[in-house]
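J.: Every position in the sequence shown, counted from 1, becomes a number in this note's numbering once 39 is added. Just so it is clear, CB atoms sit at the ideal spot from N, CA and C, and this is done for glycine as well. Pasting a structure here, questions to come.
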Amino acid sequence: MRPANRAELERLVELHAADATPYQRRLFADSLGAALTPAELESLARNAGIEGAEVVVDSDRHMSLQRRV
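Listed below in structure tokens is the structure:
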């Protein structure tokens, strides 16, 4: 899940990758920066015609798209 700003991105990298190499930290930061936001995921689901889908934020880095069947 993409952080709202650079400070939050840096906080997450420090929290979850403090012991990683500089290269690993950069990869992690890049992956966070490339991730979707909950609003973007919700929009994609709506545009794809997925009815009844709900974006659930599972952690500070993860979200899921859930739908009851």
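(1) My guess is that L48 and L71 are in contact by the Cβ rule of under 8 Å, so how many angstroms apart are they, rounded?
(2) I'd like the list of long-range same chain contacts for R107, defined as Cβ closer than 7 Å, with 5 residues on each side in sequence excluded.
(3) Tell me, to the nearest whole angstrom, how far the beta carbon of M40 is from that of V96; I am working on the premise that it is less than 8 Å.
(4) By Cβ distance below 6 Å, which residues in the same chain neighbour T76 in space, the five residues on each side in sequence not counted?
T.: Based on what the coordinates show:
(1) 5 Å
(2) G91
(3) 7 Å
(4) R41
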